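Engineer: Numbering (full-length UniProt numbering), first residue to last: 1 to 254.
Where is the CB? At the ideal position from N, CA and C, for every residue including glycine.
Quantities reported herein were computed from a predicted structural model and do not represent experimental measurements.
Structure below; questions to follow.
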């Protein structure tokens, strides 16, 4: 693959100079793992990517379809959708579950979907949030969820319809065993007749880091959730974009 500095580079000298300058700047910027710059192979792939239209071209866009299929393969979930950002993707996932207020989302008080997404949950999904401070000071556990989940039956309180977890969160891993325990409890929590079970969502912007760090299988982790997200910027130095995975029945609604 040609590099930015070789005669075979597909980039103009002006573009080469900008990319090299951006890479040099990013190499000294430790504010966040999202301060990233694509390598030559990524930029070349961008140039070579298909540009079909998902609406007017019956087959959709091959590059996007291939990426979505790869996400399905990696996670073991039924369907995937490419979104332009992690925030957009998280909110799409949550909105698919939150169909009729009053309803609420239970999450860690530091959660990205609560603190860093411009208050989108109440705006887009008309949802309240139940913010929880983990008793162990690190991550939510089953006991945290049990103490804070809101059951149906009291008109004064919006019942919990989604439990949203994040892995990693503030640099800490939510272990698979805890995710499984929470998922089993939440999915079996009693709800009124005709009401879907409480949903599990994973903000997995850094879930690949989390499962590798813990040494567990991504598919086993994803199985704890009805919807999940993963971001390209911190994981692959992508400039934008986020993949969402879920059960097939949620795909058309999303």
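(1) Please give the ranges of any beta strand (DSSP E) in the segment 110 to 159, keeping only runs that are unbroken, at least 3 residues long and fully inside the region.
(2) Buried or exposed for residue 208, going by 16 or more other Cβ atoms inside 10 Å?
(3) Which residue spans inside the segment 17 to 80 form an unbroken alpha helix (DSSP H) run of at least 4?
(4) Is residue 95 a contact residue of the ligand MN, with contact defined as CB to any heavy atom under 6 Å?
(5) In three-state DSSP terms, what is residue 211?
(6) Taking contact to mean at least 3 C-beta pairs separated by less than 8 Å, is the segment 178 to 198 in contact with the segment 46 to 59?
(7) Can you grab the Cα-Cα spacing for the pair residue 174 / residue 16, in whole Å?
(8) Have a look at 202, 217, 220 and flag the residue whose alpha-carbon is nearest the alpha-carbon of residue 228.
(9) For residue 216, which residues in the same chain have their Cβ closer than 6 Å to its Cβ, ignoring the five residues on either side in sequence?
(10) Is residue 1 helix, strand or coil when you go by DSSP?
(11) Within its chain, find whatever has a CB closer than 7 Å to the CB of residue 86; leave out the 5 residues flanking it on each side and keep chain order.
(12) Buried or exposed: residue 136, going by 16 or more other Cβ atoms within 10 Å of its Cβ?
(13) If you draw a straight line from the alpha carbon of residue 113 to that of residue 121, how long is it in whole angstroms?
(14) Compute the beta-carbon to beta-carbon distance between residue 106 and residue 160, rounded to the nearest angstrom, for a pair I have assumed lies under 8 Å.
(15) Around the Cβ of residue 117, are there at least 16 other Cβ atoms within 10 angstroms (buried) or fewer (exposed)?
Structural biologist: Taking the structure as given:
(1) 128 to 132
(2) buried
(3) 40 to 48, 62 to 75
(4) The ligand MN is absent from the structure shown, which contains no ligand whatsoever.
(5) helix
(6) no
(7) 40 Å
(8) 202
(9) 176
(10) Since pLDDT at residue 1 reaches only 45, below the 50 mark, its modelled position is unreliable, and the value read off the structure follows with that caveat. Looking at residue 1 - three-state DSSP - the assignment turns out to be coil, as it is neither helix nor strand.
(11) 205, 229, 231, 242
(12) exposed
(13) 8 Å
(14) 5 Å
(15) buried
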